[in-house]
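Trainee:
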Amino acid sequence: MQLLETGITILKKTIPFLPKKPGVYKMLNTKGEILYVGKAKNLVNRVNQYTQINNLSNRIKRMITQISSVDHIVTNNEMEALILECHLIKTLRPPFNILMRDDKSYAYLQVSKNHPFPRLIKFRGTRSDDAYYFGPYPFGIAADMTLTYLQKIFRLRNCSDYEFSNRSRPCLQYFIKRCSAPCVKYIDEKEYMTTVLQAKKFLEGKTSDVQQYLTDKMNKHSDALEFEGAAQYRDKLKLLSHLKTKQTLNIEEADLIYIHSYQERLFIEILLIRYGRDLGHQSIQLDHSEFSELAEGMSSFLLQFYDKYPIPQKIVVNKEPSDVQLVKQYLEEKYKCPPNIQIVDNSHQLMKLVQKNIGKIEEQTEYVFQELSRQLACQINRIECYDNSHTQGIHAYGVMVAATPAGIIKSLFRKFQLRNITKGDDYAMMRQVLRRRLQHKEWPYPDLILVDGGKGQITAIQGILNELNLNITIVGIAKGEKRNDGHERFYVNDSTEMILDDQSPVRYFLQRLRDEAHRFAISTHKKKRDIGTVSRLDDIPGIGPGRKKKLIQHFGSVKSLASAGIDDLQLVRGISPTLAKIIWQFFNDK
1 MQLLETGITI LKKTIPFLPK KPGVYKMLNT KGEILYVGKA KNLVNRVNQY
51 TQINNLSNRI KRMITQISSV DHIVTNNEME ALILECHLIK TLRPPFNILM
101 RDDKSYAYLQ VSKNHPFPRL IKFRGTRSDD AYYFGPYPFG IAADMTLTYL
151 QKIFRLRNCS DYEFSNRSRP CLQYFIKRCS APCVKYIDEK EYMTTVLQAK
201 KFLEGKTSDV QQYLTDKMNK HSDALEFEGA AQYRDKLKLL SHLKTKQTLN
251 IEEADLIYIH SYQERLFIEI LLIRYGRDLG HQSIQLDHSE FSELAEGMSS
301 FLLQFYDKYP IPQKIVVNKE PSDVQLVKQY LEEKYKCPPN IQIVDNSHQL
351 MKLVQKNIGK IEEQTEYVFQ ELSRQLACQI NRIECYDNSH TQGIHAYGVM
401 VAATPAGIIK SLFRKFQLRN ITKGDDYAMM RQVLRRRLQH KEWPYPDLIL
451 VDGGKGQITA IQGILNELNL NITIVGIAKG EKRNDGHERF YVNDSTEMIL
501 DDQSPVRYFL QRLRDEAHRF AISTHKKKRD IGTVSRLDDI PGIGPGRKKK
551 LIQHFGSVKS LASAGIDDLQ LVRGISPTLA KIIWQFFNDK
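In my numbering, the protein residues as written are 1 to 590.
#1: Does the Cβ of Lys113 have 16 or more other Cβ atoms within 10 Å, making it buried, or fewer, making it exposed?
#2: Any idea which residues DSSP pairs Met27 with across the strands?
#3: Can you tell which of Ser560, Asn45 and Arg419 has its C-alpha closest to the C-alpha of Leu15?
#4: Apply the 10 Å Cβ neighbour rule to Thr195 and answer buried if 16 or more other Cβ atoms are within range, or exposed otherwise.
#5: Where does Ser222 sit, in a helix, a strand or coil, going by DSSP?
#6: So, do the segment 30-42 and the segment 312-319 have three or more beta carbon pairs nearer to each other than 8 Å?
#7: Taking 8 Å as the cut-off, decide whether the C-beta atoms of Val37 and Leu109 are in contact.
#8: What does DSSP give as the partner residue(s) for Met498 in the beta ladder?
#9: Could you spell out where the beta strand (DSSP E) holding Arg277 opens and where it closes?
#10: Using alpha carbons as the reference points, say which of Asp567, Ile566, Pro136 and Val572 lies closest to Ile552.
#11: By how many angstroms is the C-alpha of Lys441 removed from the C-alpha of Leu372?
#12: Which class does Leu353 belong to by DSSP, given the choice of helix, strand or coil?
#13: Could you tell me which of Ser105, Ala40 and Leu203 sits nearest to Tyr306, measuring between CA atoms?
#14: Quick check on Arg265: buried or exposed, where buried means 16 or more other Cβ atoms within 10 Å of its Cβ?
#15: Can you check whether the CB of Met218 is closer than 8 Å to the CB of Leu239?
#16: Going by DSSP in three states, Asp255 sits in which element: helix, strand or coil?
#17: Please confirm if the segment 174-191 is in contact with the segment 147-163, defined as three or more CB-CB distances below 8 Å between the two stretches.
#18: Report yes or no: do three or more beta-carbon pairs, one from the segment 116-126 and one from the segment 181-196, lie closer than 8 Å?
#19: Let me check understanding here. Comparing Cα to Cα, which of Leu448, Leu418 and Leu450 lies closest to Arg436?
#20: Using only CA atoms, which one of Asp515, Asn469, Ile461 and Leu510 lies nearest to Asn493?
#21: Beta-carbon within less than 6 Å of Gln304's beta-carbon, same chain only, minus the 5 sequence neighbours each way: which residues are those?
#22: Identify, in the order they occur along the chain, each residue of the same chain with its Cβ nearer than 8 Å to the Cβ of Ile464, setting aside the five sequence neighbours on each side.
#23: Determine the extent of the beta strand (DSSP E) in which Tyr132 is found, giving its start and end residues.
#24: For Arg614, is the classification buried or exposed, using 16 other Cβ atoms within 10 angstroms of its Cβ as the cut-off for buried?
#25: Report the three-state DSSP secondary structure of Asn588 (helix, strand or coil).
#26: Count the CB pairs spanning the segment 155-163 and the segment 124-137 that are closer than 8 Å, and state whether there are at least three.
#27: Between the Cα of Met498 and those of Gln375, Val354 and Ser261, spot the shortest distance and give me the residue it belongs to.
#28: Would a C-beta distance cut-off of 8 Å place Gly276 and Gly229 closer than the cut-off?
#29: For the beta strand (DSSP E) that Asp452 lies in, which residues bound it at each end?
#30: With which residues is Ser168 paired in a DSSP beta bridge?
#31: Which residue from Leu35, Gln511 and Gly565 puts its Cα closest to that of Met63?
#32: Under DSSP, the beta strand (DSSP E) around Thr14 begins and ends at which residues?
#33: Can you give the Cα-Cα distance for Ala521 and Asp515, rounded to whole angstroms?
#34: With a threshold of 16 other CB atoms inside 10 Å of the CB of Tyr162, please say whether the residue is buried or exposed.
#35: Can you name, in chain order, every residue of its own chain whose Cβ lies under 8 Å from the Cβ of Ala593, other than the five neighbours on each side?
#36: Among residues of its own chain, excluding the 5 on either side of Gly280, which ones have a beta-carbon nearer than 8 Å to its beta-carbon?
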């Protein structure tokens, strides 16, 4: 309480120095770190609201206890203040602003423009004007499935323009019937563009037109007694039926957004509809949203989500966002068209459609932490799991993954390049990783350390904790008698076994966290190993950075490059017959 009163005193002393103008204010701690960013129509009035204790949420009260000073930036109007606030929140991600957890970007299907033979690929990243985009798909697997079916039906290429222009024979995609090989003129430009048009029609929701086109083609071959050709189009119609989804609601394009609270935190459920087709549902947690109002959370989400993704024809929400007119004005200015934000109550059929998709992941994660706290007789709020990977001691890396009651948090993952390691000494690797991690006192210490291993790994970790005089619970996951997944045994600290039912959510979560650490360790090591492998090309006379890049882009890997013939090497731009022979000899002369 005393810290809260001290923070309010600081705010009161700051207010006389603030202008009565629109702008952005920044709350800072004693280290000069930004705790919170906000916008105001009148800086004096807005900051003064933070001195009214009874009107503050617990989250804001905690923020005030850490305040050391207040900085501000004056703007011409409230809209400029909102734009600046959004930019600062996006770049600084202050710990007390409501943030959309953003571990990944949504996928699109991209059809290129300005090429006689356009390609169809899955795409993530910044969209440009030189392609058509269809999506977004909240789950990459849905985009992958759609792409696979479209390749089987329309056989559009997915290779790069450079690879396309340098091929002398069809690639594997042609032989597995997923490409029509336009690179070697197995299909003419007019026929290929017809299939591109049909693929675009399907992605635009004009499924009936595509079905009619394929049916006409099938009948034409059948009338000409070309039964093999007719059978191919029959099969394509069957594939199309797998992709076709029934439209139960008369909505062409909309985002259905449902906000709700669970355990005092805010969650967003969003269902994306494009071209009358359900593209998928996503559950998003709003970080730092404890005890926050739904209206504030909705406003923060809309500003952050549509800063990254274009607005649809209609945005349907179950809670009116705070400063709704300002939000609309911001989106209109950004996209040069007024957003259609429709507010409905939770009983509306559209909200019921979203609510049917609400997962229970956050509830299960909360349960896992509560159950672990009960079984281990201590409060568990943060779990860290460690693993390492190397090739006979070379390119050795250790990694840390972390989880909280909100789930596995990728932004908390860390990797450590291991040094001076004796080949095969996994215990020494674990000790080095843990010692270096615990030197970072700015990172909150875990309440539970999870490790893939039994007594030996636990003992190695306990030794480091004893050195640093830290009391942290350790759980080891040891293989079962048959050393296969699903029969692991869990040991705590002094090797006391923790009994977990085979169907226990706690068991599943700890196994998942262990697997995530293993995946992260393997991928980190593999990237370093591949970089080392690529550097072998530096030993070839005449191969500089430019040619090395072209060779890897063309062949995809050093392994493929090493097995290439002299004729194949000459297909790469900048590789002369003489240089191709030198490269071939480098990999083949013993």
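All C-beta atoms in this analysis are idealised placements derived from N, C-alpha and C, irrespective of residue type, glycine included.
Mentor: In this structure, then:
#1: exposed
#2: Tyr36 and Val70
#3: Contrary to the premise, residue 15 reads as Ile rather than Leu in this sequence. Closest option to Ile15, Cα to Cα, is Asn45.
#4: buried
#5: helix
#6: no
#7: no
#8: Phe490
#9: Arg277 to Asp287
#10: Val572
#11: 25 Å
#12: helix
#13: Ser105
#14: buried
#15: no
#16: strand
#17: yes
#18: yes
#19: Leu418
#20: Ile461
#21: Met100
#22: Arg431, Leu434, Arg435 and Leu438
#23: Ala131 to Tyr137
#24: Nothing about residue 614 can be reported from this structure: the residues present for the chain run from 1 to 590 only.
#25: helix
#26: no
#27: Gln375
#28: no
#29: Leu448 to Asp452
#30: Partner(s): none; Ser168 has no beta bridge.
#31: Leu35
#32: No beta strand (DSSP E) holds Thr14; the alpha helix (DSSP H) holding it covers Gln2 to Thr14.
#33: 10 Å
#34: exposed
#35: Residue 593 is absent from the structure shown; the chain starts at 1 and stops at 590.
#36: Tyr137, Pro138, Phe139, Ala142, Leu271 and Leu272
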